[in-house]
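Have a look at the structure below, then the notes.
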Amino acid sequence: MIIIPSRRMAMMMMTMMVMEMVLLLLFLVVITMAMAMVMMIMITKIVMIIHILS
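If you count the sequence shown from 1, you need to add 14 to reach the working numbering.
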């Protein structure tokens, strides 16, 4: 257990933790969105290729 001397310090620690969590979530959302975009582009390319071939 880490003993935090003052309440303000504890509050700062908590806010830092929350900010880190939020940043991590945003990062994950951005990654998932980018992946979805790539998938969409790939699917559209495949569909176009199929249209050209058929």
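Ideal placement from N, C-alpha and C gives every residue a C-beta, glycine not left out.
Residue i to residue j span [Cα, whole Å]
i, j, result
"M33", "L40", "10 Å"
"M53", "L42", "16 Å"
"M35", "I55", "30 Å"
"T29", "S20", "15 Å"
"T58", "L37", "31 Å"
Distance cut-off 7 Å: residue i Cβ against heavy atoms of the ligand SAH
i, result
"K59", "The ligand SAH is absent from the structure shown, which contains no ligand whatsoever."
Residues near residue i in its chain [Cβ-Cβ closer than 7 Å; skip 5 each side]
i, result
"A48", "none"
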